[in-house]
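Going by my numbering, 1077 is the number at position 23 of the sequence shown; the sequence numbering is gapless.
Where is the CB? At the ideal position from N, CA and C, for every residue including glycine.
Model, not experiment: these values are computed from the prediction.
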Amino acid sequence: MSITVKRNTGMMGGLSKVDLIVNGQRTAKLADSEGTTVSPGEGAVKLQAKQWFFGSKELEVYDDANVEVRINMTALFFLLAAMVCLILGVMIAPFLTAVAGVLLIVCIIYSSKNWFQLIKVE
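Below is the structure:
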């Protein structure tokens, strides 16, 4: 019995590896399209993915599960919207720079537990 975890984040977040945390302990570092196998032992296993200050919510999985680490598109859109507002604010209107600052703060707070998604794959 084993749990397979594969990272599928694409280009975004591909510069550094993602830490795989199993039951509160770092067990592996995954590059893009890389996978690992976790032996659950007894009962359920709590998985979490982290990279710098970005992270995911915990996912509780049981034997013979396939889990995929993906980027949460909502968090990515927050980041892209903040960058667009920042660029336009510098070029056009200072008001947009303030909006960009607020969006960046929202993005950082939201992404601390939602940048990655752990999804069970059938």
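Residue i bridges to which residues according to DSSP?
{"i": "residue 1173", "result": "1122"}
{"i": "residue 1130", "result": "The partner list for residue 1130 (beta bridge, DSSP) is empty, contrary to what the question assumes."}
{"i": "residue 1108", "result": "1105"}
Checking contacts by CB at 8 Å: is residue i closer than that to chain C?
{"i": "residue 1158", "result": "Among the protein chains of the structure shown there is no chain C, as only one such chain exists."}
DSSP three-state call for residue i: helix, strand or coil?
{"i": "residue 1097", "result": "coil"}
{"i": "residue 1074", "result": "strand"}
{"i": "residue 1083", "result": "strand"}
{"i": "residue 1113", "result": "strand"}
{"i": "residue 1091", "result": "strand"}
{"i": "residue 1057", "result": "strand"}
{"i": "residue 1137", "result": "helix"}
{"i": "residue 1063", "result": "coil"}
{"i": "residue 1163", "result": "helix"}
Report all residues from its chain with a CB closer than 6 Å to the CB of residue i; omit the five preceding and five following residues, and keep chain order.
{"i": "residue 1100", "result": "1077, 1112 and 1114"}
{"i": "residue 1108", "result": "1165 and 1169"}
If we count the other Cβ atoms within 10 Å of its Cβ and call it buried at 16 or more, is residue i buried or exposed?
{"i": "residue 1081", "result": "exposed"}
{"i": "residue 1092", "result": "buried"}
{"i": "residue 1079", "result": "exposed"}
{"i": "residue 1110", "result": "buried"}
{"i": "residue 1103", "result": "buried"}
{"i": "residue 1152", "result": "exposed"}
{"i": "residue 1156", "result": "exposed"}
For residue i, which residues of its own chain have a beta-carbon under 7 Å away from its beta-carbon, when the five flanking residues on both sides are left out?
{"i": "residue 1158", "result": "1136"}
{"i": "residue 1062", "result": "1087, 1122, 1123 and 1124"}
{"i": "residue 1090", "result": "1059, 1074, 1082 and 1084"}
{"i": "residue 1154", "result": "1136, 1139, 1140 and 1143"}
{"i": "residue 1171", "result": "1110, 1124 and 1126"}
Go through its chain and collect everything with a Cβ distance to residue i's Cβ below 8 Å, but skip five positions before and after it.
{"i": "residue 1117", "result": "1055, 1056, 1057 and 1094"}
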